[in-house]
C-alpha cells in the first residue's frame with residue numbers, strides 16, 4: 001500500500017489555510033499493512049447514489065491524519081487521529097480508521 005502526504009498549495013488569495021493536493025507531485029511512500037473492512041452505508045441524497053465504506057488499517061508505519069492511503073486501485077482518507085500502541089517490548093503499532101466515498 002502507499003501513503004500519500006499532501007502538498008500544501010496557497011489559494012489564489014494567499015489565505016493562511018492552504019489547499020491540500022494529493023496529485024502526482026505529492027510525496028509517496030510504500031508501506032506494509034493489514035486492511036480490514038468495517039462497515040458500508042448508502043446514505044440517501046437527492047440526485048446522488050453515494051456509498052461510504054469504512055476500513056481499519058493496522059501498520060507499523062506512522063500515519064498522519066492528513067495522509068491518504070492507496071491500496072489495490074482504491075483511495076482512502078484517514079478518518080480522525082490514528083491510534084498508537086507503544087508496547088514495552090516490540091515495535092510501535094498504529095490503528096487507523098479509513099473511509100472511502102464513491103458516487
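Residue numbers (UniProt numbering): 1 to 103. Idealized CB from N, CA, C, for every residue including glycine.
Pairwise C-alpha distance: residue j and residue i
{"i": "residue 32", "j": "residue 51", "result": "26 Å"}
{"i": "residue 95", "j": "residue 27", "result": "22 Å"}
{"i": "residue 13", "j": "residue 7", "result": "17 Å"}
{"i": "residue 100", "j": "residue 82", "result": "16 Å"}
{"i": "residue 58", "j": "residue 35", "result": "7 Å"}
{"i": "residue 97", "j": "residue 19", "result": "22 Å"}
{"i": "residue 73", "j": "residue 10", "result": "29 Å"}
{"i": "residue 78", "j": "residue 49", "result": "22 Å"}
{"i": "residue 23", "j": "residue 38", "result": "27 Å"}
Bridge partners - residue i, DSSP secondary structure assignment
{"i": "residue 59", "result": "33, 94"}
{"i": "residue 19", "result": "9"}
{"i": "residue 102", "result": "51"}
{"i": "residue 41", "result": "52"}
Three-state class that DSSP yields for residue i in the structure shown
{"i": "residue 72", "result": "coil"}
{"i": "residue 67", "result": "coil"}
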